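Trainee: Please see the structure below; I have some questions.
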Amino acid sequence: MDAATLSSVLQGGIVLGALYALMATGLSLVWTTLGIFNFAHGAFIALGAYIAWQFSSVDAWGLPLFPAILLTLAVMFAVGALMYFLLVKPFERRADVVLISVITTLAASAILENGLLLIWGPRSKQIPSLGSGEVALGQISLATSEIILLALVLAILLGLGLFLRYARPGRIMRAVSQNREAAELLGLNVPLYFAIAFGLSAATAGLAGVFVGTIRFMNPEMGTEPLMKALIVVIFGGVARFSSPLYAAFIIGMLEAFSIYVLGLYWAPAVLFITMIVVLLLKPEGLFGNHQRTL
Amino acid sequence: MSDPALQVENLSGGYDPVQIFQDIDLVLHKGESIGIFGPNGHGKTTFLKTLSGLIDPWSGSIRFHGELMNRVGERGSRKWRNFNYDAVTRRRMDPKTVARAGLIHVQQGNLLFPELTVGETLSISSGAAKGREGWSLEQVRGLFPCVAERGDHKIRFLSGGERQMVSVAAGLLSAPRLLILDEPTLGLSPKIRQELCDAILTVRKTGMPIILIDQDVGFLEQIIDTLYLFDHGRISGRMTHAEMPDHDGLMALLFGEYH
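Those protein sequence lines, which keep their order, are chains F and P. The first sequence begins at 1 in this note's numbering and counts up by one. The second sequence begins at 1001 in this note's numbering and counts up by one.
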């Protein structure tokens, strides 16, 4: 493998890692806070992409890309919070809430994906690129759009991490995820913070969708495969800390990029699943996890 | 005595389908403190959890400063058993509303938030205060010096006594109008136990009404004005501070002379 090929594979791995980090963070945010798995996360990815397309495409409302992304984040946050009140809140006092929320989020996923098909039609769409041109660093050249994508992902994840650590609502979200009963006894509005967690999760999923939409053609099922990858990342990395899925995302991204190069496109998922199974056998709580499920 | 701060009438409850306590009548006047004494496993903690709204009461009413805290209704009075009422109806009682009214419950062996530091925990503990004048952070730190020293430590690394102190501190920051303490000295070493008792006594001296469950009769005697005996999910006796016997006398009241 020469230097140029290596750099291009590395570049691919980093971009994939960044996207998976964004998706997995949202997924693990809901899992650690509410203790449920959101199967509508993939549909959120697609919904975010379509909303951003509606805002930014010259065929639709034609806003500049970055304001369109901000508006998409706001809409996705609201959709996520609404989804919590529709899909989880009515059942949260039942003992089988985990199972019920599997059904409700799967149902929401189907409804959202078919809603996208109904509203925007089956024709493939693409969001304008984040940037054009390339930046040359010696022998290696990097696409500007990929640099912007990476910078945005890192900035958003850093911001989310700081929010959870230092902002009062973030701290309350962590408290609520660790001991709901104690939070209720302190008079904290637990459903509100669950809704915020769901909203943030949907916003990060939507943002991942926007980025995927700038790279590939969009269709309503575009979130299914990333959801699977995000799931692998969450299981592979564990959820003990906010940063656990981040490291795992970049490892999985790199692994995928290299296995695509070495073994071919169709073997890459097999490599990821085998790696996940091996990690589960050796360290069931995930590579960076511990036995606690907490933020 | 003045108007009751807390008035519990005919309260029954438990963990569906098992009833744990029944027909509890209890009145707590403003500025008064009461103790609840009884054997383990007879429903004291479940009763307190019902008072603070963590468990829906089955029947009866809870009034706090004249305000009804629960939606009155008999358990099982809803028709159509298979209909999911949780989806369309409110809970009979909401712990957030209760806490925001000023009824603050410090749970037994409270784990609080294991991954948050002491400082972070205290910073979010004023959620229930909602404009009421409560204890300030400085006052709480003065009351529990170890809480001030351990500000950067995660709760899970604290000892049981320190954890209990943080729990009480968090409760005080919530500007309580009534503090419920469920066995605060359980499992603590004598030294830590004494520190905690002194702090609770200091809180009591400010005129704070307290409902205290404890197995230490000496400690109860220092804090309370009225003692309720709790036996098999019912209140089996009520006595004023002056009428309170010693530990052996109380055990004899509950279990007979040859306990």
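Don't be surprised by glycine CBs; every beta carbon is placed ideally from N, CA and C. Values in this document were obtained by computation on a predicted structure and should not be read as measured data.
Out of F:VAL58, F:VAL98, F:ALA49 and F:LYS89, which one is the CA nearest neighbour of F:VAL75?
Mentor: F:ALA49
Trainee: Can a CB atom of chain F be found closer than 8 angstroms to the CB of P:PHE1230?
Mentor: no
Trainee: Please state whether DSSP places F:PHE250 in a helix, a strand or coil.
Mentor: Helix at F:PHE250.
Trainee: Going by Cα to Cα distance, which pick from P:LEU1026, P:SER1136, P:LEU1172 and P:ASP1016 is closest to P:ARG1204?
Mentor: For the options P:LEU1026, P:SER1136, P:LEU1172 and P:ASP1016, the alpha carbon positioned closest to that of P:ARG1204 is the one of P:LEU1172.
Trainee: Work out the CA separation of P:ARG1063 and F:LEU152 for me, nearest whole Å.
Mentor: 53 angstroms
Trainee: Taking only beta carbons into account, state which residues of the region 1109–1143 of chain P come closer than 9 angstroms to chain A, listed in chain order.
Mentor: Protein chains F and P are contained in the structure displayed, whereas chain A is not.
Trainee: Counting only Cβ pairs nearer than 8 angstroms, list the residues of chain P close to F:GLU113.
Mentor: Result: empty, since nearest Cβ-Cβ is about 24 angstroms, beyond 8 angstroms.
Trainee: How would you write the range of the alpha helix (DSSP H) that F:MET173 sits in, first residue to last?
Mentor: Unbroken alpha helix (DSSP H) run through F:MET173: 168–178.
Trainee: Anything in chain F within Cβ reach of P:GLN1107, meaning under 9 angstroms, just list it in chain order.
Mentor: The answer, in chain order, is GLU181, ALA182 and LEU185.
Trainee: Rank P:LEU1179, P:VAL1018, P:SER1123 and P:ALA1199 by C-alpha distance to the C-alpha of P:CYS1146 and give the top, closest one.
Mentor: It is P:ALA1199.
Trainee: Going by other Cβ atoms of all chains shown within 10 Å of its Cβ, with 16 needed for buried, is F:TYR84 buried or exposed?
Mentor: buried
Trainee: Taking C-beta pairs closer than 7 angstroms, name the residues in chain F that P:PRO1095 reaches, listed in chain order.
Mentor: GLU184 and LEU185
Trainee: I'd like the ranges of any beta strand (DSSP E) spanning at least 3 consecutive residues and lying wholly in the region 1109–1134 of chain P.
Mentor: none
Trainee: For P:LEU1229, which beta-bridge partners are listed by DSSP?
Mentor: Its beta-bridge partners are P:PHE1037 and P:GLY1237.
Trainee: F:ILE172 touches chain P at which residues, Cβ-Cβ below 9 angstroms?
Mentor: Listed along chain P, the residues sitting closer than 9 angstroms to F:ILE172 by beta-carbon distance are ILE1124 and GLY1127.
Trainee: Please name the residue, chosen from F:GLU184, F:LEU19, F:PHE39 and F:GLN126, that lies closest to F:ALA110 on a Cα-to-Cα basis.
Mentor: F:PHE39
Trainee: Rounded to whole angstroms, what is the Cα-Cα separation between P:ILE1024 and P:LEU1011?
Mentor: 5 angstroms
Trainee: Confirm, please, whether the CB-CB distance from P:GLY1035 to P:ILE1223 is below 8 angstroms.
Mentor: yes
Trainee: In angstroms, rounded to a whole number, what distance separates the CA positions of P:ALA1252 and P:PRO1245?
Mentor: For P:ALA1252 and P:PRO1245, the gap between their C-alpha atoms comes out near 10 angstroms.
Trainee: Would you mind giving the Cβ-Cβ distance between F:LEU19 and F:VAL212, rounded to the nearest angstrom? I have them listed as a contact below 8 angstroms.
Mentor: 7 angstroms
Trainee: Looking at F:GLY17: is its Cβ nearer than 8 angstroms to the Cβ of F:ILE252?
Mentor: A contact, by the Cβ cut-off of 8 angstroms.
Trainee: My guess is that F:GLY80 and F:ALA208 are in contact by the Cβ rule of under 8 angstroms, so how many angstroms apart are they, rounded?
Mentor: About 13 angstroms separates the Cβ atoms of F:GLY80 and F:ALA208, ruling out a contact at the 8 angstroms cut-off.
Trainee: Sorry if obvious, but does the Cβ on P:LEU1116 come closer than 7 angstroms to a heavy atom of the ligand PLP?
Mentor: Among the components of this structure there are no ligands whatsoever, and the ligand PLP is therefore not found.
Trainee: Leaving out five residues on either side along the sequence, give the residues of the same chain with a beta carbon under 7 angstroms from the beta carbon of P:MET1247.
Mentor: Here the sequence assigns His to residue 1247 of chain P, which means Met is not the residue at that position. The answer, listed in chain order, is VAL1217.
Trainee: Is P:ASP1182 buried or exposed, if buried means 16 or more other CB atoms sit within 10 Å of its CB?
Mentor: buried
Trainee: Could you tell me the alpha carbon to alpha carbon distance between F:GLY238 and P:PHE1255, rounded to whole angstroms?
Mentor: 52 angstroms
Trainee: Would you mind working out which of F:HIS41, F:ARG168, F:GLY223 and F:LEU106 sits nearest F:ALA77, comparing C-alpha positions?
Mentor: Sequence inspection shows Phe at residue 77 of chain F; the Ala mentioned does not correspond to that position. With distances taken between Cα atoms, F:PHE77 lies closest to F:HIS41.
Trainee: With a cut-off of 8 angstroms, does the C-beta of F:LEU82 fall near any C-beta of chain P?
Mentor: no
Trainee: At the level of alpha carbons, what is the spacing between P:LEU1137 and F:ARG241?
Mentor: Going from the Cα of P:LEU1137 to the Cα of F:ARG241 covers about 29 angstroms.
Trainee: Assign F:MET218 to buried or exposed, taking buried as 16 or more other Cβ atoms, counted over all protein chains shown, within 10 Å of its Cβ.
Mentor: buried
Trainee: Leaving out the 5 sequence neighbours to the left and right, which residues in its chain are closer than 8 angstroms to F:LEU117 when beta-carbon positions are compared?
Mentor: PRO220
Trainee: Examine chain P for any beta-carbon lying closer than 8 angstroms to the beta-carbon of F:ALA167, and answer yes or no.
Mentor: no
Trainee: Put P:ALA1175 into one of helix, strand or coil per three-state DSSP.
Mentor: coil
Trainee: Name the chain P residues whose beta carbon is nearer than 8 angstroms to that of F:ASN189?
Mentor: LYS1096 and GLY1127
Trainee: Just by C-beta distance, which residues in the region 1169–1186 of chain P are closer than 7 angstroms to chain F?
Mentor: ALA1170 and SER1174
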